[in-house]
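*Asks:* Can you read through this structure? Questions will come right after.
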Ligand code: GUN
Ligand code: ZN
């Protein structure tokens, strides 16, 4: 029912398939009142809507008409419709006059596309005992609903709502139990009060602990979220659908939604955007209108802004700039800034979903960026790199760093790793036994061999540093220095970081970073494929072909057999047949995806691999990685580019997982 087309962080551009057509996600479902529809939301961009089955059920006229002509005709919408079950009324009035079974049967009878069971939305900060009690009922009802839908071959798809209030472990417990039930979609419930109180930080916890335990292959809906200011943040956490009455409720209160917050008409001197309404009228015009007409126009603006934001988000995912958008949007309110800062605590989780390489550059927009998945990943991947005896730390000028290095150095500081280090004079640096790295924010240490690899080169940060970034870099450096016997630091770096040092030291000869293409290739291979990959790939009579225009490495051969090519945009290595065969000699599941033997011949012919045939895969696989495709015996069948990460490959049962480059015919 759900397929992923593009990814960034936990955000996905996807396609949701329903009986009334496919819709793109992330998307917003405007709430439609079953009796009154002041504006036609379809005209303003709605692809899917949500309405309330309980309100229809309770109203004799509406109920009769819905059963007669169907829900789509009742609310005059021919696209997909989701229905809610009355749970929200339950949370507001404490009671509803319908059972779980009745509401499930009714939703199917009126022809909804996606129905919802009667979950109990337990608000934030409620006593744990009460939350646990409610949760058991929610889970029981979800079970009942799903068995109903499955046993009776219902046409409608079914939602199972994650509850658990503000208890992270209960959110996880609920999500885990609901995942076992195999519902069609997973809404995340009872977050409206958190949003109303601006408790966005607790919203991050509620969402992250829910999505962590939900399947990757199902769409997730953040219930009652309708302010465009928070869409980008919530999409980055893995939410695919939003719903809201905000567009109309705010309009009724003369309030304009914008991505920077809400504007009150009474305070407006200018119209806030360039939608049809904002171009045609002035605030004075609107204030002079009768209420009904004004409400319609403001609602129209509110929908326009919401859909425009979702288009921008989908574009940002496609180009890989979602976090830049999130960091920008979260500056709209201090509590949102708290939320994005807090999201940094989930960096290791988010890293598992973030593509290895993106079309757009990484921009450092503030200390929050230090916790981004790309930084976490780079610092972890540095562990893959072989370390020499000595380290020379150089300042960052322009990128790529190695191109703009001052060519040679003689003056250094000897870094005081520990007390004993001071007693011996530093060795005379032997270039062959020395690693050269640039120190810079936010990636801390950049071995010069990697200086063209994504995102180390394809990134930018302000030259006026903030203290937090400098401290982060210094702390990382202090740990990293432990890998080396001797560390020499360039005076400019010393000034920037105010490190402890032993003495100023003049090296007897110039220390020079000598470019070595094979060393560079091996370093990139280890960084990309793990330790030992460089040695495995680059043996024999290595020949390197470079671009005449840029001087960059393009093709690498053993005699005349192509091993790898280097992609110009991100300097990652793209495997050729020989490269794939050599990489496959590394032990274990490294870089491998194991597929069902029944589709071996398709892979050997070079056909793409579908997720449902994947039996196992390396934990470290991320989308855009080069991967090896093997059969259940571990024989190499083909190689290609991953479209999904490890977790997604293991969970999805539809759609492509690997775009195969070439197969090995038998
Ligand atoms: N609408 C807003 N929040 C909720 C919720 O928690 N459950 C249901 N069913 N609908 C909602
Ligand atoms: Zn407008």
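In this note's numbering, the protein residues as written are 448 to 1113.
We put the CB at the ideal spot given by N, CA and C, even for glycine.
1) What does DSSP give as the partner residues of residue 478 in its beta bridges?
2) Determine, using beta-carbon pairs with one atom in the stretch 516-532 and one in the stretch 559-568, whether at least three such pairs fall under 8 Å.
3) Pick out whichever of 1064, 507, 1056 has its Cα sitting closest to the Cα of residue 1103.
4) Of the choices 658, 728, 909, whose alpha-carbon is the least far from that of residue 619?
5) With a Cβ-Cβ cutoff of 8 Å, do residue 451 and residue 461 count as a contact?
6) Looking at residue 660 and the ligand ZN, is the gap between the Cβ and the nearest heavy atom below 7 Å?
7) If you measure between the beta carbons of residue 747 and residue 809, is that distance less than 8 Å?
8) Is the beta carbon of residue 888 less than 8 Å from the beta carbon of residue 908?
9) If you check the beta carbons only, do residue 812 and residue 756 fall under 8 Å apart?
10) Is the Cβ-Cβ distance between residue 637 and residue 661 less than 8 Å?
11) Can you tell me whether residue 758 is buried or exposed? The criterion is at least 16 other CB atoms within 10 Å of its CB, across all chains shown.
12) Give me the Cβ distance between residue 477 and residue 499, rounded to the nearest whole Å; I'm assuming they're in contact under 8 Å.
13) Any chance you could list the beta strand (DSSP E) runs of at least 3 consecutive residues sitting entirely within the stretch 658-701, in chain order?
14) With residue 589 and residue 612 assumed to form a contact (beta carbons below 8 Å), what rounded beta-carbon distance in angstroms separates them?
15) Just the C-alpha distance for residue 668 and residue 469, rounded to the nearest angstrom, thanks.
16) Residue 939 and residue 802 - do their beta-carbons sit closer together than 8 Å?
17) Do residue 778 and residue 784 count as a contact pair if the criterion is CB distance below 8 Å?
18) Quick check on the burial criterion: 16 or more other C-beta atoms within 10 angstroms. Buried or exposed for residue 663?
19) What does the Cβ neighbour count give for residue 566, buried or exposed, with the cut at 16 atoms within 10 Å?
20) What three-state label does DSSP hand residue 791 in the structure shown?
21) Sorted by chain position, which residues of the same chain lie with C-beta nearer than 7 Å to residue 543's C-beta, five sequence neighbours on each side aside?
22) Which word fits residue 884, buried or exposed, when buried means at least 16 other C-beta atoms lie within 10 angstroms of its C-beta?
23) Taking just the CA atoms, how far does residue 754 sit from residue 493?
24) Taking 7 Å as the cut-off, is the CB of residue 637 close to at least one heavy atom of the ligand GUN?
25) Does the ligand ZN have a heavy atom nearer than 7 Å to the CB of residue 681?
26) To which residues does DSSP link residue 861 through a beta bridge?
27) Is the separation between the beta-carbon of residue 920 and that of residue 897 shorter than 8 Å?
28) Are there three or more Cβ pairs, one per stretch, closer than 8 Å when the stretch 1020-1033 is compared with the stretch 972-981?
29) Within 7 Å: the Cβ of residue 488 and any heavy atom of the ligand ZN?
30) Given 7 Å as the limit, tell me if residue 674 has its C-beta closer than that to any heavy atom belonging to the ligand MG.
31) Could you round the C-beta distance between residue 641 and residue 571 to whole angstroms and report it? I think they count as a contact, below 8 Å.
32) If you follow the alpha helix (DSSP H) that residue 830 is part of, which residue opens it and which one closes it?
33) Which same chain residues end up closer than 6 Å to residue 695 when comparing Cβ atoms and leaving out the 5 residues on each side of it in sequence?
34) Please state whether DSSP places residue 823 in a helix, a strand or coil.
35) Can you find the residues in the same chain that come closer than 8 Å, C-beta to C-beta, to residue 732, ignoring five residues on each side of it along the sequence?
36) Please classify residue 1089 as buried or exposed, where buried requires at least 16 neighbouring CB atoms within 10 angstroms.
*Replies:* In terms of the structure at hand:
1) 497
2) yes
3) 1056
4) 658
5) yes
6) no
7) no
8) yes
9) no
10) no
11) exposed
12) So it is not a contact: roughly 13 Å between Cβ atoms.
13) 666-669, 688-691
14) Incorrect: roughly 17 Å between the Cβ atoms, too far for contact.
15) 16 Å
16) no
17) yes
18) buried
19) buried
20) helix
21) 501, 533, 536, 537
22) buried
23) 8 Å
24) yes
25) no
26) 935, 950
27) no
28) yes
29) no
30) With respect to the ligand MG, the structure offers nothing, as its ligand set consists of the ligand GUN and the ligand ZN.
31) 5 Å
32) Element bounds for residue 830: n/a, residue is neither H nor E.
33) 746
34) helix
35) none
36) buried
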